[in-house]
Amino acid sequence: MGDQGGMAAQMQRKAIAERGALPRAVGRLLRACAAAFLAMAPALAMAQGNVTSVQTVFLTAADVGQIISQAVQEAQARNRPATIAVTDRVGNVLGVFRMNGAPVELRVTTNRNIPVGNGLEQVEQVLAALSTTLGTVNGAPTTDLSAIAKAITGAYLSSSGNAFTTRTASQIVQENFNPLEFRAPGGPLFGVQFSQLPCSDLNLREPQGSVGPKRSPLGLSADPGGIPLYKNGFVVGAIGVESDGIYTIDRIVTDIDTSDDELIATAGTFGFEAPIDIRANRITVGGKTLRFVDRDRLDRNNPLYSNPAAAPAFAAIDTVLGNRVGVRNYFSNAGNPNPPPALRGGTAYGDPASGYAPDPTGNLSAFGPAFVLRDPTTPTNNRFPPIAGSGPPGAALTANEVATLLQNALKTAFAGRAQIRRPLDSFIQVTVSVVDVNGVVLGIARTPDAPIFGTDVSLQKARTAMFISRSPQITGGSAAFLLQQFNSTVASGILVPPQPVGNNALGVFIQLYATGAKQFISGTALDDGIAYSSRGIGNIHRPFYPDGIDGTPNGPFSTPYATWSPFNVGLQLDLVIDNIAQHLVFLRTGAAAAETAAQCSFLPVTAPVGTTKQLANGLQPFAGGFPIYRNGVLVGGIGVSGDGIDQDDSIGFLGLHLAGQALGTGVQNAPAGIRDDVLAPLGARLRYVSCPFQPRAGGNDQNICRGK
Amino acid sequence: MKTRASLLTLLYATTALLSLGAPAWAGKEQINQAANDGEEALLSDSEAQRRAVPGRAPRDAQQPTPTDNPGAVPPAPPNLPREFIPVPDRWRLSDAIGVVTETIDPYKQNVLKGDRPVWGRDWFVNLSAISDTVFEQRRVPTPVVFQSSNQAGANDQFSRYGQNFIAQNVIGSFSLIKGNTAFKPPDFELRLSPVFTYTRLDVQEVGITDADPTKGTVRNDTHFGVAEAFVDYHIHNVSERYDFDSIRLGIQPFSTDFRGFLFQDSQLGARLFGNRFNNKLQYNIAWFRRLEKDTNSGQNDIFRRMRDDDIFIANLYFQDAFTLGYTPQFTVVHNRNRENSRFYYDDNDFLQRPASLGDERQRRYNVTYVGFNGDGHFGRVNLTHSVYGAFGTDKNNQFTGREADIRAYFAAAEPSVDFDWIRVRGSFVYASGDKDPFDDTEGGWSGIFENPQIAGSDTSYWIRQGIPFIGGGGVGLKQRNSVTADLRTSKEHGQSNFNNPGILLLGGGADFDVLPELRLTTNINHLSFADTSNIEFLRNQGSISTSIGWDVSAAATYRPLNNQNIVFRLSGAVLFPGEGLKRIYSFEDDNQDPLYSILANLILTY
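Going down the list, the protein sequences come from chains A and B. For the first sequence, our numbering begins at 370 and goes up steadily by one. For the second sequence, our numbering begins at 3 and goes up steadily by one.
Here's what the structure looks like:
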């Protein structure tokens, strides 16, 4: 709003100068500025990084129409017919519109010439080939999925303290940060593209109602063209645009791209633009600013070919310049994509109907106003209230312990200095998840304005750290053992040729990752009870070891660099690619194929009751997840996501430490002697935790995790 | 004394992996002096035919001495008794009276030291050699790197700060000089100064000595470089006082001001220089195209692609302007940097250009520095001062992605007063800081290649040590042997950076000439940033106060022979951190000892 006010003032100033009626006009201008400022002041106060409550702002169906129409107008002006999607903050798809002549088929590639059959690289060819072999089945992805994934990414990564786009995502998921910077460690959110998966047990589906967070058909997108939408400084959703039919990443960040997708989306955001001061290009990670968009309407040379303010009403373009597109289980009528639904209004984040609302019991708000997820069927209820663990027998976490863990993690967040939020010294906003040794969710809590993506990612991290840290003594077995149990029904089903047991659909023998780890680390690796944090797991899940040192061999959980890309990362994707493929086939063929289960990975269920698989929403190899121990025995995992990864680390690690002190029940971090930083394969020690510099906004305590 | 001071500081600068040209340049003064001392007034050729014979009375005691030097002290009347008379061929004379030419002792007549010609009557050779040994123990903020750590349990950002550093430089210098009088500058000089450097850095964390953490914590490196390689051609004399114009081509030392605030380096260039009005006015017009440096030795690496960076310099010195003993200087320096086409990594695989800072896009800039400097004394008060403005354009402000104007300022002054064997000094340095990272003006002062000799110079911790800007980018908060905090990647390879917090230094000190052989130097400086908005932005951290802290240092310089042939220096410095520094680095647990450096330096010169 502030920026719009500024723009209005600028435009007015220009008009005045042209008229030459200066003195009177200046007075008017000053009054207008003052009025605009006064009008904005309360909203701005609400909308900065430190928000502790949320305003009920949301996109109306009319807003969605306006946004789409603005984008369509720019696409038309650029002669780039596009597919456009708008979602709300929690991932509900509010509209999908495909212009006449827009590409339908989607090509997935990083343009690194990686052969077909490696992860999602050109997976459309693999899936399209099914139609020739089986006659009916074609799972190739389409551009509406790309547009939805981009919109969800823009919405999920953003908050009132930070506005990130899919271009931001591209910058932080590659093998170096910045991309192609020789010898620089990998992106801080390496792997985040494989979150919000269609098989996630956390992310919900359209037929379940408006409660979020919703899943994304392709995970998070790193292809420019997804930009968040704001009202009064609050995220209300995002727009995603796909015009070229290529789902890719931006490898070269030193140039200034003129990206049609991005500029069309930029036109769409007019009137709903992210505040200038919280955009990615004002947020630093290790001194590097992040990318928001490469070219913007507010640049000295406005790159737009159209004037968004002059866009026609949506009704004037609907069925004229293109059509709304139904997407099964994303933008449909109870799952039925035809006829396509009318445009929808979004939920108001903070309203129980959005799935995110204050902790109804207040139990978790001991140190600050906690938010929780709400139940999709009964949104008045906390979807994941603290519960007791299902294992290990006799040592499982109690509900009180889980609550104390969540409280202390949030306490650390409220006291901490955010790395990705403005204004400076905002407190940290994250989601915290706690799981037991079987991967069952024991509780989720968050700060009020934490980015949505961290909901799923925090759970992924908690499960990942717990899973890889499992020892053979735990019921169900070690990580090495469980990887041997991988058994995909998809691999033996829809793909040709059917794969033997233990392979995924693309023919990767999953247990080779365990074997590789043993060769790389030690003969007992993944069987010896070493405690792995998700940071440590990330160290060995990179295409180079040590991370970012170009030319070195890949870590054992990664694919070799020759075939590596953000679409083919290794263990993380290989565990879930069957689910993704199954989902894509379902989306393309409807009733002809089964929708993927809301349980990722085809790893076994180890819980005594329930259906929760290990890694039921996928693995996540970046920092912020830790295994939880009781007197040296693994009892679960805690995961944190939403701010800088060092911040995530400190909240998980310190939250667990503080909770352990408060509880006195033996619950604690892993004993120092079994943490993954005792390992130094190839002469490079793994990291376990890395707490941030200046962890709290005040004070001079820099080493808050030392000795803990 | 001034020569000695500059020689010392410059030599120390070499140990800090900087230019080795300066000491050789200072050495040249000595060499010229030596050559002059060995010469007497030379008469014309015709007079040389009537050479005097030692032991006999002059043939023609009434021979008039030349009088074409109107400003000179008149010669003694010829009828007065005289001890000496001009002798045309002094070399033969020295032979005749039995002077033995030494090949080793530089204090005796020595062909290798330019005391006698090696060929003909006016071709001289001057050889010299310097061994410079540095041992340094220090505590410098050291990060735990992203990918790995030296030890288990590295749970935070800060590792152990202790470091050891050893540097051994061996500098050779060869000059071939054509010249013929005591007062006239040489007609021609060819100079070649190769340098061999060995460095050893021993730290307590991996990923510091090399980007690859598997390379460990110790780095040994050697480099063979070229400190000087130039020809100096004396174009002509323009007055009877031997005012002259001269041109020097090649790798040569140069300083844009008296104390090395803007550019002091030995770089490849062409320089036209000379003087007028009986040396009252001196001028330089120079163009330098910078050579790439070797990373760890700081020496010029002539085998690398040159930097796309040009420096154009014009200056004027006015001796004894305003008052006797004070020399003001006016200078204009233009730095044109076009290093926007590729990424450059140093020998340790760290990104140097562009800096890993902000948008990390390659950039180029044009900046013109306008300076007024002065050095000398007003009565008993010695004063050196410097004022600069920097004006130009940065084609890509790395914080905004837009073009930005450069508007930055620098001022420094160091008054001192001598009380017998004690000199008391006051020091002041101000470099402007950028006030708003997001506007289109870059207001942080950044020099080209500074080697400041002020406020204790490299005795001071702050000036001596390079401090990494942990968490804020792949840059240093400040560089080694610099006073400004200009957030550049390195002095050796980095581009100037006008988005920085600036600096304010206020301090004082005293020098004590305890013995003829021994000088004690003490300094205390208070340091603060001019404006912290840039570093707050880069760390996404508010409320970093401007206070850097107190820097207390002392040095003892011992010259056992009362000359420069053996110089030993021991210095120690401590930086007591202020609130601003405490918000950037850890000063607790393992890091609770103050930042200090202890430096032992032995320089042997032949």
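Cβ atoms here follow ideal geometry from the backbone N, Cα and C, with glycine treated the same way. Keep in mind it's a predicted model, so treat the numbers as computed, not measured.
For B/GLY544 and A/ALA787, the gap between their C-alpha atoms comes out near 10 Å. DSSP places B/TYR560 in the uninterrupted beta strand (DSSP E) bounded by 549-560. Look at A/GLY655: its C-beta is under 8 Å from a C-beta on chain B. Excluding residues up to 5 positions away in sequence, ASP728, ASN751, ALA814 lie with their Cβ nearer than 6 Å to the Cβ of A/VAL741 in the same chain. For A/VAL799, the secondary structure class from DSSP, reduced to helix, strand or coil, is coil. Here B/MET308 is exposed: its Cβ has fewer than 16 other Cβ atoms, across all protein chains shown, within 10 Å.
Listed in chain order, the positions of the segment 152-185 of chain B with a beta carbon within less than 8 Å of a beta carbon of chain A are ASN152, GLN153, ALA154, GLY155, ALA156, ASN157, ASP158, GLN159, PHE160. Of B/ARG291, B/PHE232, B/ASP214, the smallest CA-CA separation from A/ALA1053 is found for B/ASP214.
The beta carbon of A/ALA532 sits no closer than 8 Å to any beta carbon of chain B.
If one requires a minimum length of 4 residues, the alpha helix (DSSP H) runs lying completely within the segment 987-1059 of chain A are 1014-1032, in chain order. The alpha-carbon of B/ILE600 is positioned some 19 Å away from that of B/PRO470. Inclusion of A/ALA643 and A/GLY595 in the CB contact set at 8 Å is not warranted, their separation being larger than that value. Membership of A/THR981 in any beta strand (DSSP E) is not indicated, and neither H nor E is assigned to it by DSSP. Excluding the 5 residues flanking it on each side, A/THR617 has same chain C-beta neighbours closer than 7 Å at THR478, THR479, ASN480, ASP592, in chain order. CA-CA distance, B/PHE160 to B/SER462, rounds to 23 Å.
A check of alpha carbon separations from A/TYR599 across A/ASN707, A/VAL426, A/ASN856 identifies A/VAL426 as the nearest.
If you look at B/GLU416, you'll find it in the beta strand (DSSP E) that goes 406-421. Interface annotation for the segment 325-352 of chain B against chain A: PHE345, TYR347, ASP351, PHE352, criterion Cβ-Cβ distance under 9 Å.
The Cβ of B/VAL431 sits no closer than 8 Å to any Cβ of chain A. Between the beta-carbon of A/LEU573 and that of A/VAL580 there is about 6 Å, and that keeps the pair under the 8 Å contact cut. Straight-line spacing of the CA atoms in A/THR747 and A/ASP720 works out to 13 Å. Contact between the segment 537-546 of chain A and the segment 922-936 of chain A is present: 3 or more CB-CB pairs across the two stretches fall below 8 Å. Scanning its chain for C-beta atoms nearer than 7 Å, with the 5 sequence neighbours on each side dropped, one finds around B/GLY164 the residues ARG141, GLN206, in chain order.
B/GLU230: member of the beta strand (DSSP E) spanning 220-239, first to last residue. For A/GLY876, the three-state secondary structure derived from DSSP is coil. Listed by position along chain A, the residues whose Cβ is nearer than 8 Å to that of B/ALA512 form an empty set, because the closest Cβ is around 33 Å away. Considered as a whole, the segment 883-969 of chain A harbours 903-908, 940-943, 946-958 as its complete alpha helix (DSSP H) runs of no fewer than 4 residues, in chain order.
Contact between the segment 522-541 of chain A and the segment 554-573 of chain A is present: 3 or more CB-CB pairs across the two stretches fall below 8 Å. Any Cβ of chain B closer than 8 Å to the Cβ of A/ASP1046 would place that residue at the interface, and such an atom is present.
Cβ proximity to chain B below 8 Å picks out GLU550, PHE551, ARG552, ALA553, PRO554 from the segment 549-563 of chain A.
Taking 8 Å as the upper bound on Cβ-Cβ separation, chain A lies near no residue of the segment 492-511 of chain B. In the same chain as A/THR658, and ignoring 5 residues on each side of it, the C-beta atoms closer than 8 Å to its own belong to ALA649, ASN650, ARG651, ILE652, in chain order.
For a cut-off of 8 Å, the C-beta gap from A/THR512 to A/ALA471 is around 7 Å, short enough to register as a contact. In the assembly as shown, B/PHE279 is an exposed residue. Its beta-carbon has fewer than 16 other beta-carbons within 10 Å.
With the rule of 3 Cβ pairs closer than 8 Å, the segment 508-525 of chain B counts as touching the segment 450-468 of chain B. Per DSSP, the beta bridge partners of A/MET468 are A/GLY691.
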